[in-house]
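Novice:
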Amino acid sequence: MYRHVGWIPLFALVVLPSLGLTHGTNLDWNQRNGVELRARFDDGLPLQSAEVTIFSPADPSSPWAEALTDSQGRCFFAPDTAGTWDVRVRKGGHGAMAHIPVDTTLSTAARGGGSTGYSTIQIVTMAACIVWGFVGTALHFRRRRG
Amino acid sequence: MMALIAILTVGCGEESPGSKGEELVQPSPPQTGTLHFVANGEGFAVEPFESKDGWTIDLDHVYISFDEVTGYLTDPPFDPHGSEEMRYTSREVLAGSCIVDLADGPVRVGSVDDAQAGHYNATSWLNVPSDGGPSEGFSVLLVGTATKADALIEFSLGVAQSYRYLGGEYVGGERKGLLRPGEEAELEMTFHLDHIFGTAELPPQDQLNADAIGFQAFADIAEEGRLETTLAELEGKLPEDEFGLLSEALRTLGHVGEGHCRCTVM
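Protein chains in written order, with our numbering: chain A, -19 to 126; chain B, 60 to 325.
1. Helix, strand or coil, according to DSSP, for residue 104(B) in the structure here?
2. Specify the secondary structure class of residue 1(A) as computed by DSSP and reduced to three states.
3. For residue 306(B), does the three-state DSSP call read helix, strand or coil?
4. Chain A partners of residue 318(B), CB-CB under 8 Å?
5. Going by CA-CA distance only, name the one from 112(A), 76(A), 119(A) that's closest to residue 9(A).
6. If the criterion is Cβ atoms closer than 9 Å, does the pair residue 43(A) and residue 64(A) meet it?
7. Using only alpha-carbon positions, find the residue among 120(A), 72(A), 31(A), 61(A) that is nearest to residue 55(A).
8. Are any of the Cβ atoms in chain B nearer than 9 Å to that of residue 64(A)?
9. With a cut-off of 8 Å on the beta carbons, I'd call residue 237(B) and residue 41(A) a contact; round off their distance for me.
10. Check the Cβ-Cβ distances between residue 313(B) and every residue of chain A, and say whether any is below 9 Å.
11. Under 9 Å, Cβ to Cβ, is there at least one residue of chain A near residue 178(B)?
12. Rounded to whole angstroms, what is the Cα-Cα separation between residue 315(B) and residue 148(B)?
13. Could you please tell me which residues of the segment 38 to 52 of chain A, in chain order, have their CB closer than 8 Å to any CB of chain B?
14. Buried or exposed: residue 58(A), going by 16 or more other Cβ atoms within 10 Å of its Cβ?
15. Considering only their Cβ atoms, is the gap separating residue 94(B) from residue 151(B) smaller than 9 Å?
16. Below 9 Å between beta carbons is the criterion; list the residues of the segment 220 to 241 of chain B that meet it against any residue of chain A, in chain order.
17. Is residue 57(A) close to chain B, meaning its C-beta is less than 9 Å from at least one C-beta of that chain?
18. Whole angstroms is fine: what's the gap from residue 252(B)'s alpha carbon to residue 13(A)'s?
Take a look at the structure:
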């Protein structure tokens, strides 16, 4: 049951507060065009191949998606609605839960990211370029006729 | 517009059923359900296991004394690892105190029959010395045997200290605490005994084993194959660093599944 879940390329993101545990699991996450979750042991080592279960605020009783963390302890998903997303990470008796607030801006961007792969800013910029292309072409032919 | 006004006027003037001195009582769906509180010592409480230092621990009794067991609907979700105070919209408190023996397997501590429906995403409880029963005077009492090669030690370890645990959402194979109207849900208070003894299932350098005292320290102070002691007595008998490990392990004994709790020693 995979939905927009996968690995995210490295790019700079905002790091939100983490959950610190004694001999436990640290979870932190970043948000831009989706959510990148990173799971580590207390000593900083990545929690590799850990089970990740994602619950949407629309249905907290059934997993929205399931995945495994990569070799860096990371997992990426694109929320499709605003609200608090609950993400459970477990491996070999270690586990933690993250409650990730997703606002409407992110969910809009995430839907864009999930369907086209472009952010809102990218889409607006591309639309402006296309419009300018039409305008420029029209001005070009008008000047030639003149 | 006139037609609309006419329709609205007719609608407002219509007599609804039960308006002539009768009250139509619509049976409202229940907004409550039954919330169960369960205590679980997992496999370490039930089956023999090998400590980090090679002792086979077989626990006959794992008595835990509970009080003020409470489930919460928290918003935002409570983070036991942060410094924020818990904020909740509703809570359900289990009446009374009780003692359970986790060596019998998972035990239902009690239930609240008319609990407000919702997602119970936090649990708190007290482990306090019991007033009576098999573990009188102790909040935690471990009774069992430890064997290694030809050595056998019968031991009991009583803890008179009180602990208050604040846990967030249960972390485990299933999602717990989702109480729908008219249905049942469960919250679990989980006790990780491997935090005390460590486990041979993990390498010695694993943080869990590094933080555990193991059993050899107890074996060293046992006499004629017996050790009947309390945490207070051990403060003077164990080396300071070993006693520190034991104290910290007891502080981190309570979990919600695999989720750690915020603990206050009282």
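Just so you know, even glycine gets a beta-carbon here, dropped at the ideal spot from N, CA and C.
Specialist: Taking the structure as given:
1. helix
2. Note that residue 1(A) has pLDDT 40, beneath the 50 cutoff, so the model's placement of it is unreliable and the number below is only indicative. The answer is coil: DSSP assigns residue 1(A) none of H, G, I, E or B.
3. helix
4. 75, 76, 77
5. 76(A)
6. no
7. 31(A)
8. yes
9. 5 Å
10. no
11. yes
12. 20 Å
13. 40, 41
14. buried
15. yes
16. 227, 228, 229, 230, 231, 232, 234, 237, 239
17. no
18. 42 Å
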